[in-house]
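Chains as they are written, first to last, in my numbering: chain W, 50 to 150; chain Z, 706 to 1283.
The next block holds one structure in the form of structure tokens; read it before the comments.
Written as structure tokens, this is what we have:
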């Protein structure tokens, strides 16, 4: 599967790792991952270590996640982005909405 | 082996019309009896040509065919029946006394679907009829679904074509055909979410917008309609880029679901001031190439795309740059950078810039990069996602061009009018209402002033906030000198406005014909204590401290600015020409 979700031992953080292409094809899995993560989750981490490519629909999915977990009050970190993916996030100015490491 | 079971066969689910062909009447009668017992109806034919005629006449669901008959034999009859059935699947089962393999193979070659050697088992015959009836039913279901799909696809195609024309009318802009704009945009670009709009501003400058919606298809195209509408309408009325992006952002946020947004870049070219203004939210670096063919300016994306955040977080700050005649501006969507070639390589930012830099001759540069890009992609369908625009700063402050939706502005239809109006705002109004949009809207109804909207807005806004902040609220601009104080100033201002109980601001606007145009006098008076205006100098320069800047700016835009009374009256004179 292109997406795995792992909840931390304390149940407060869920880490979603996207392997391969982050595009519309994982839309369903991505949504399920955060909708099923449970109410105890305070922090969301998107791990892009294995992500090769990201398109604008992925940006849309990140916005949906942000909206789902409370918009302004959300705490979403995007980690391990490659140079190309950082560039895409940068062009969209997503650093204003997400914590990008 | 073959069992002759005479047990009670269940009557078939479906009653079929079966054409039975045999030259022996006794065979026909036997078959008819078997078929009837299973609930089917038999149509009898005695030879091949009789069978073809009966097939035409009765349109049976299935055929049981003898091979050896006088006249036309079973092979030929089957060939003709299959040809006449066309797309309809009418199974033919051969019943034959022949049992050599070659003869049986011929049964299938001429179009037969199955065969049974005589003497045949009644049970097996009925089982085969059942099996072929199921296949036939499946066949017609598939065929019906296929026809339905073809029909729907056809309809969608037609609707898209109609939509494409409707969109083309909405997006239509005579400005896109101006010689200073070259662009590459696939004909179906709109359904890929790419949007290119261009219009002349009332002041004569050029404005271009490149938009790129997330997603494809109808959802992206639907968003494009209000964007184009707002862009053309507000540009024609002289609104600034900041006001347009604010309005588009608000609109898209209202109509689009959270995951959908529009990356956009707006560019203004003002030949009078030789200025490029840019707002970039989510579009790759906009590049400005100078005369020598080098990149001397990049407008990088500084903002979130349109439709993502609300007004409170939305930022309309523009970036500015000077331009020289002949400079070229390049805008493109991420589809250009992310275009793949058949070997799986990406076009990339570096390759794009290489193409731009390698073409020192501005004339051929656009064709060079367009051909380079199209060659790179090769013959692939995803070239649809590409939008690439070259905008040449031709330096013409052309007022001869059509301004969006306004026709030619060269010959004003209304001559400057003489009128005056006075507005007075008390504390209740000032607490809850920003009168500026109303004032500006009123002024814009004067035909000749449309091209001056941005200047007039600045002038009136500065004078009004001067009267409110310093005259009525007594705030000290010196606070704004530090970044910390700047924020504090606006917090304090918001508190003071909310608590405002007395004081009035009166605005007099007087307009009169003057020379080839008109003259507008803007007088703003507040009921505050005023200030010692004689001891201050208002010159806009580098060293101007935070507090004098607003008035100095007004001074630079107006013919004159004067204070009178106890410093509570400011009067600015703005004259304009056609």
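No residue lacks a Cβ here, since even glycine has one placed at the ideal position from N, Cα and C.
Cut-off 7 Å between Cβ atoms - residues of its own chain near residue i, not counting five sequence neighbours on either side
i, result
"residue 101 of chain W", "69 and 70"
"residue 777 of chain Z", "752, 753 and 754"
"residue 1053 of chain Z", "1042"
"residue 1020 of chain Z", "1008"
"residue 73 of chain W", "106"
"residue 1249 of chain Z", "Residue placement at residue 1249 of chain Z is flagged as unreliable, the pLDDT there being 42, under the threshold of 50; the coordinate-derived value follows with that caveat. Excluding positions up to five away in sequence, the list reads 1257."
Residues that residue i contacts on chain W, provided the C-beta gap is smaller than 8 Å
i, result
"residue 1013 of chain Z", "112 and 146"
"residue 1189 of chain Z", "Here the premise fails: no neighbours, minimum Cβ distance about 22 Å."
"residue 919 of chain Z", "105, 106, 108 and 109"
"residue 968 of chain Z", "105, 140 and 141"
"residue 1007 of chain Z", "142"
8 Å Cβ cutoff met for residue i and residue j
i, j, result
"residue 1228 of chain Z", "residue 1276 of chain Z", "yes"
"residue 910 of chain Z", "residue 932 of chain Z", "no"
"residue 131 of chain W", "residue 110 of chain W", "no"
"residue 91 of chain W", "residue 124 of chain W", "yes"
"residue 926 of chain Z", "residue 1004 of chain Z", "no"
"residue 1025 of chain Z", "residue 1063 of chain Z", "no"
"residue 1145 of chain Z", "residue 1161 of chain Z", "yes"
"residue 882 of chain Z", "residue 905 of chain Z", "no"
"residue 1281 of chain Z", "residue 1157 of chain Z", "yes"
"residue 1012 of chain Z", "residue 944 of chain Z", "no"
"residue 1263 of chain Z", "residue 1164 of chain Z", "yes"
"residue 75 of chain W", "residue 67 of chain W", "yes"
"residue 726 of chain Z", "residue 768 of chain Z", "yes"
"residue 721 of chain Z", "residue 838 of chain Z", "yes"
"residue 913 of chain Z", "residue 1096 of chain Z", "yes"
"residue 1130 of chain Z", "residue 1142 of chain Z", "no"
"residue 766 of chain Z", "residue 841 of chain Z", "yes"
"residue 935 of chain Z", "residue 971 of chain Z", "no"
"residue 1093 of chain Z", "residue 1037 of chain Z", "yes"
"residue 1015 of chain Z", "residue 958 of chain Z", "yes"
"residue 1091 of chain Z", "residue 1040 of chain Z", "yes"
Chain W contact residues for residue i, given Cβ-Cβ distances below 9 Å
i, result
"residue 1056 of chain Z", "None at all; the shortest Cβ gap to chain W is about 14 Å."
"residue 916 of chain Z", "Those within 9 Å of residue 916 of chain Z in chain W number zero; the least Cβ separation is about 12 Å."
"residue 986 of chain Z", "141 and 142"
Extent of the continuous alpha helix (DSSP H) run through residue i
i, result
"residue 746 of chain Z", "From DSSP, residue 746 of chain Z is part of no alpha helix (DSSP H) but of the beta strand (DSSP E) over 746 to 750."
"residue 741 of chain Z", "730 to 742"
"residue 1038 of chain Z", "Run containing residue 1038 of chain Z: none; DSSP gives neither H nor E here."
"residue 759 of chain Z", "753 to 763"
"residue 79 of chain W", "76 to 84"
"residue 1263 of chain Z", "Where residue 1263 of chain Z is concerned, there is no enclosing alpha helix (DSSP H), given that its DSSP letter is neither H nor E."
"residue 1285 of chain Z", "With chain Z running from 706 to 1283 in the structure shown, residue 1285 of chain Z is simply not present."
"residue 147 of chain W", "No alpha helix (DSSP H) contains residue 147 of chain W, which DSSP labels as neither H nor E."
Beta-carbon contacts of residue i that lie in its chain and below 6 Å, excluding the five residues immediately before and after
i, result
"residue 1212 of chain Z", "1128 and 1229"
"residue 1233 of chain Z", "1176, 1177 and 1273"
"residue 1246 of chain Z", "Confidence in residue 1246 of chain Z is poor, its pLDDT being 44 and thus under 50, which makes the residue's placement unreliable; the coordinate value appears in the next sentence. Taken in chain order, the list of residues that qualify is empty."
"residue 1106 of chain Z", "Here residue 1106 of chain Z scores only 41 on pLDDT, less than 50, and its place in the model is too uncertain to base an answer on."
"residue 968 of chain Z", "917, 987, 988 and 1010"
"residue 979 of chain Z", "1027 and 1028"
Boundaries (first-last residue) of the beta strand (DSSP E) holding residue i
i, result
"residue 134 of chain W", "From DSSP, residue 134 of chain W is part of no beta strand (DSSP E) but of the alpha helix (DSSP H) over 132 to 140."
"residue 1216 of chain Z", "1210 to 1219"
"residue 723 of chain Z", "722 to 726"
"residue 70 of chain W", "69 to 71"
"residue 1224 of chain Z", "1222 to 1231"
Beta-carbon contacts of residue i that lie in its chain and below 8 Å, excluding the five residues immediately before and after
i, result
"residue 817 of chain Z", "770, 783, 797, 798 and 799"
"residue 1110 of chain Z", "Here the model assigns residue 1110 of chain Z a pLDDT of 41, short of 50, so the residue's position is not dependable, and the following value carries that caveat. Around residue 1110 of chain Z: 937, 938 and 941."
"residue 820 of chain Z", "798, 799, 800, 801, 809, 812 and 813"
"residue 135 of chain W", "149"
Chain-ordered neighbours of residue i on chain W, where CB pairs are closer than 7 Å
i, result
"residue 1010 of chain Z", "141"
"residue 964 of chain Z", "109, 110, 112 and 113"
"residue 989 of chain Z", "140"
Cross-chain neighbours of residue i in chain Z, by beta carbon under 7 Å
i, result
"residue 116 of chain W", "963"
**Item:** Residue ranges of each beta strand (DSSP E) within the stretch 900 to 941 of chain Z, 3 or longer
**Value:** 911 to 918
**Message:** As an exercise, report each continuous beta strand (DSSP E) stretch of at least 3 residues that is fully enclosed by the stretch 819 to 901 of chain Z, in chain order.
**Reply:** 819 to 822 and 886 to 890
**Request:** Report the residues of the stretch 63 to 75 of chain W with a CB closer than 9 Å to any CB of chain A, ordered along the chain.
**Result:** Absent from the structure: chain A. Protein chains present are W and Z.
**Message:** Threshold first: 3 residues or longer. Then list the beta strand (DSSP E) segments lying entirely within the stretch 1128 to 1167 of chain Z, N to C.
**Reply:** none
**Request:** Output the residue ranges of the beta strand (DSSP E) runs that lie fully inside the stretch 927 to 1014 of chain Z and measure 3 residues or longer, sorted by chain position.
**Result:** 967 to 975, 980 to 986, 991 to 994 and 1000 to 1004
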